[in-house]
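Note that our numbering has the sequence shown beginning at -4, numbered continuously upward. This report refers to the structure that appears directly beneath it.
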Amino acid sequence: MTVGQYNQCVDQYSDNIYRFILRNIRDEDQAKDVVQDTYMKLWEKVREVSFEKARSYLFTSAYHTMIDHIRRSKKFVDATLPADQAGLGLNEYFDLPDILNKAVDQLPDIQRSVILLRDYEGYSYQEIGEITGLSESQVKVYIYRARLFLKSYLVKIDNLV
């Protein structure tokens, strides 16, 4: 990969990777750090990674970097709950994106990751398996379970009011 192709990868994929990581860890600064670490890893392997495979490499690397980050951060427990995760009153108005985001946030980490890669980023089951290190059938199971949860969550009137 040339320097120009590397810069093109930054232009094309950095926003998508950032969105994917942010939806999973819900912290802008940490998501930016993960994206930066991901591009540093690509730069270190710029001669080994072909331009055609850069997108897959970037998402795989970002996913694994995010997992490492989550594991490290679980060692530190914060006693305060962030304001965006505090209990929400019933009188507040939510539009559909807010309701969907709240539902996706309640999924287990692996289900959230695969559903975001599939439905938000448009990856195939095989590509998601390569990124996450899961088999294609495991990916399908996690996506199915996530969709079942989302469906049951969205049909409850309490969640929509």
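Backbone N, C-alpha and C fix where the C-beta goes; we use that ideal spot for every residue, glycine too.
Query	Result
Through-space distance from residue 139 to residue 43, alpha-carbon basis	35 Å
Nearest-angstrom Cα separation, counted from residue 62 out to residue 21	13 Å
contact_flag[the segment 14 to 31, the segment 105 to 125] where n(CB pairs < 8 Å) is 3 or more	yes
Integer Cβ distance of residue 135 from residue 118, believed to fall under 8 Å	Not really, about 13 Å apart at Cβ, beyond 8 Å.
Unbroken alpha helix (DSSP H) run spanning residue 7, endpoints	-2 to 20
Element boundaries [alpha helix (DSSP H), containing residue 132]	131 to 150
Coil, strand or helix - residue 101 by DSSP	coil
Exposure label - residue 19; buried when at least 16 CB within 10 Å	buried
Cβ neighbours of residue 37 in the same chain (closer than 8 Å, five flanking residues each side left out)	1, 4, 44, 49, 52, 53 and 56
Backbone secondary structure at residue 27 - three-state DSSP	helix
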